[in-house]
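Trainee:
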Amino acid sequence: MLDLLREDHRRLKELFAEFESGNAQTRREVSREILSLVHTHNKVKMKLLYPRAAGISRDAEELVLRGKEARHIANLLLLELKVMPVGPRYFAKVATLIDGLRAHMQEEEAELFPLVERSDMDLVELGERMTAMKDAARYGGFLTRDGNGLRTLIGAGAIVGLGLLIRGVLSRGRR
Numbered sequence: 190m191l192d193l194l195r196e197d198h199r200r201l202k203e204l205f206a207e208f209e210s211g212n213a214q215t216r217r218e219v220s221r222e223i224l225s226l227v228h229t230h231n232k233v234k235m236k237l238l239y240p241r242a243a244g245i246s247r248d249a250e251e252l253v254l255r256g257k258e259a260r261h262i263a264n265l266l267l268l269e270l271k272v273m274p275v276g277p278r279y280f281a282k283v284a285t286l287i288d289g290l291r292a293h294m295q296e297e298e299a300e301l302f303p304l305v306e307r308s309d310m311d312l313v314e315l316g317e318r319m320t321a322m323k324d325a326a327r328y329g330g331f332l333t334r335d336g337n338g339l340r341t342l343i344g345a346g347a348i349v350g351l352g353l354l355i356r357g358v359l360s361r362g363r364r
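Numbering (my numbering), first residue to last: 190 to 364.
(1) Between the Cα of R318 and the Cα atoms of S246, K236, H293, which residue gives the shortest distance?
(2) I need the boundaries of the alpha helix (DSSP H) containing M294, first residue and last residue.
(3) Does DSSP put V245 in a helix, in a strand, or in coil?
(4) Take every Cβ of the region 202 to 216, pair it with every Cβ of the region 281 to 301, and state whether three or more of those distances are shorter than 8 Å.
(5) When DSSP labels each residue in this structure, what does P303 get in the three-state scheme?
(6) Distance check for N212 and V253, CA to CA, integer angstroms please.
(7) Quick check on M190: buried or exposed, where buried means 16 or more other Cβ atoms within 10 Å of its Cβ?
(8) Suppose the cutoff is 7 Å on Cβ atoms and the five residues either side in sequence are ignored; what does the same chain contact list for D197 look like?
(9) Provide the residue span of the alpha helix (DSSP H) that contains D309, from first to last.
(10) Using 10 angstroms around the beta-carbon of V272, count the other beta-carbons present and answer buried if the total reaches 16, otherwise exposed.
(11) Answer with buried or exposed for V313, where buried requires no fewer than 16 other C-beta atoms within 10 angstroms of its C-beta.
(12) Quick one: what does DSSP say G330 is sitting in, helix, strand or coil?
(13) Within the continuous alpha helix (DSSP H) that includes N212, where are the two ends?
(14) Please go through the same chain and pick out, in chain order, the residues whose beta-carbon is closer than 7 Å to the beta-carbon of A263, but skip the five residues on each side of it.
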């Protein structure tokens with residue numbers, strides 16, 4: 190699980206650099222990707238990591254509380270950004286979000302993750318659940334992984350899910 194969270198952090202840092210060095214069009218496109226990744230990343234941590242990590246120690250509990258507050262602030266900014274017109278104020282708000290996320294990610298990687306690694310948490314099982322949650326968010330809840338790690342369409346909504354998947358693939362080809 191922690192490797193997957195670190196990978197999200199790595200990807201976010203790449204996106205931050207693209208945003209900060211890009212022109213207005215690049216910043217607009219990259220900011221959408223940042224918002225999406227942050228939303229999913231936060232959702233996974235709130236459901237899978239934080240409830241378990243809080244019980245490790247008092248230090249971990251404090252770090253989880255700070256993480257929840259950082260998530261709360263990030264979510265307020267995400268909500269505002271979703272309805273704001275893109276322009277100088279929008280870009281300033283994204284930059285503010287980035288600053289807060291950088292500090293939060295640094296604290297997590299330096300302080301919380303080592304505590305989790307030394308705990309008895311089943312990080313493999315949590316990683317599998319995290320991957321399933323991210324797939325569900327990405328593909329509208331219609332994809333899962335089977336025992337071989339292959340993505341398969343499931344459920345009564347498989348046709349709808351397939352349509353969403355095809356639409357997503359086709360829209361990426363037009364960018």
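All C-beta atoms in this analysis are idealised placements derived from N, C-alpha and C, irrespective of residue type, glycine included.
Mentor: According to the structure data:
(1) Distance check between R318 and each of S246, K236, H293 places K236 closest, using alpha-carbon atoms only.
(2) First-last of the alpha helix (DSSP H) with M294: 277 to 296.
(3) Going by the sequence as given, residue 245 is Ile instead of Val. Of the three classes helix, strand and coil, the one that applies to I245 here is coil, per DSSP.
(4) Counting Cβ pairs under 8 Å, three or more are found: they touch.
(5) Residue state, collapsed to three classes: helix.
(6) The alpha-carbon atoms of V253 and N212 are separated by roughly 36 Å.
(7) So M190 counts as buried.
(8) Closer than 7 Å at the Cβ level, and outside the excluded window around D197, lie L226, H230.
(9) In the DSSP assignment, D309 falls outside any alpha helix (DSSP H) and carries neither an H nor an E.
(10) Label assigned to V272: exposed.
(11) Label assigned to V313: exposed.
(12) Any reading at G330 needs caution, since the residue's pLDDT is 49, under 50, leaving its predicted position unreliable; the model's value is listed next. Note: G330 maps to coil in three-state DSSP.
(13) Run containing N212: none; DSSP gives neither H nor E here.
(14) If we look at A263 and ignore the five residues flanking it on each side, its Cβ neighbours are V227, N231, L286, G289, L290.
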